[in-house]
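Here's the structure we're looking at; comments come further down.
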Amino acid sequence: MRMQLRMAAAALSLGLLGSGCASISQVQTADTLGAGKFQFALEPGLAHLAVAESETGTEASANLPQFDIALRYGVTDRLDLGARLGTSLVELQGKYLFTNPENPTLAVSLAPSLSGFVGGAGPVDVGYVRLALPLLVGFKTSGGSEFVLGPRLEGTRFLAGADGSSASLNYLSGGASVGYALRVSEGFRLMPEVAYSRPFAGAVTAGDQAAGGTVNAGGTWQFKLGFLFGQGRPTLSARSSGETYE
């Protein structure tokens, strides 16, 4: 039982750390890059993590610096694939554009990501996996900039094991992000973004014991400033007022 409690504590500690390290910001447009085009991004930022809450307010909090690099490639006009590496650990990214790529004013896309980590904490092996499903809604300007809203749902699982025993922490979180990709030049965009995420349901297991329900935990605020390098989709000319897009 003592070992199981130690592993549960390790999973919980990793969960709290992972909540602050994982990027809840997208730092990308809702629009895709276009077939055959690359984008390289630098993403410095800061996360404010509220570790726990009570009826009287926040009990503990921490500010954690963030830095990631990302590389994305336009597989088709509607599909981007990429990866992000840094304080977000290792993250695989995808993005599928639902709207017409030629729509000059609106882009709606789904941008799933999968991140994870496996390592050791003394005699205990620990692991982490996170699946995020953000829906990106982008409002384009005539100059090539884009205002992006990103409601999101994500599931996170933390594991710990040793000597044939295991423990886990699982929770679901909801949140959103708001960003603006300012087109500075044809090959460069500057994108500040603010995001918030908070767990609302979870479960903890340690050996044969399990508990779950709603989660009364603090949320995470994150600010990132994205430096996006890459040509991307060209600025679209004005369309006739009678034309519609899907």
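Mapping of the sequence shown onto mature numbering (1 follows the signal peptide of the UniProt record, and there is no 0): residues -22 to -1, 1 to 224, in sequence order. The beta carbon of each residue, even a glycine, is placed where N, CA and C say it ideally should be.
- When 210, 38, 143 are compared, the shortest CA-CA separation from residue 103 is found for 143.
- Residue 118 carries a strand assignment under DSSP once its states are collapsed to helix, strand and coil.
- By the CB criterion at 8 Å, residue 90 and residue 110 fall inside the cutoff.
- Counting other Cβ atoms within 10 Å of its Cβ, residue 171 reaches 16 or more and is therefore classed as buried.
- Under the three-state reduction of DSSP output, residue 15 falls in the coil class, being neither helix nor strand.
- Per DSSP, residue 101 is not a residue of any beta strand (DSSP E), being assigned neither H nor E.
- Per DSSP, residue 148 is one residue of the beta strand (DSSP E) stretching across 143 to 163.
- The residues 52, 208, 209, 210, in chain order, have a CB closer than 7 Å to that of residue 15 in the same chain once the five nearest residues on each side in sequence are set aside.
- Here residue 40 carries a strand assignment [DSSP, helix/strand/coil].
- With a cut-off of 8 Å on Cβ pairs, the segment 122 to 138 is not in contact with the segment 69 to 83, counting fewer than three such pairs.
- Under the three-state reduction of DSSP, residue 80 is assigned to coil, being neither helix nor strand.
- Between the segment 155 to 169 and the segment 133 to 142, the count of C-beta pairs closer than 8 Å stays below three; the two stretches do not touch.
- Residue burial is scored here from C-beta neighbours: residue 97 has fewer than 16 other C-beta atoms within 10 angstroms and is therefore classed as exposed.
- Taking 8 Å as the cut-off, the Cβ atoms of residue 128 and residue 4 count as close.
- Going by beta carbons, residue 105 and residue 68 fall outside the 8 Å limit.
- Residue pairing of residue 71 in beta bridges, as defined by DSSP: 60, 91.
- Within its own chain, the residues whose Cβ lies closer than 6 Å to the Cβ of residue 11, once the five positions on either side in sequence are excluded, are 17, 52, 58, 210, listed in chain order.
- Per DSSP, residue 140 is one residue of the beta strand (DSSP E) stretching across 130 to 140.
- Residue 187 counts as exposed, since fewer than 16 other C-beta atoms from the protein chains shown sit within 10 angstroms of its C-beta.
- Taking each of 176, 181, 183 in turn and checking the Cα distance to residue 27, the smallest one comes out for 176.
- In the structure shown, residue 22 falls within a strand segment according to DSSP collapsed to helix, strand and coil.
- Note that the C-beta distance between residue 154 and residue 130 is below 8 Å.
- For residue 70, same chain residues with a beta-carbon under 7 Å away, outside a window of 5 residues either side, are 61, 91, 92 in chain order.
- When rounded, the separation of the alpha-carbon atoms in residue 6 and residue 64 is 16 Å.
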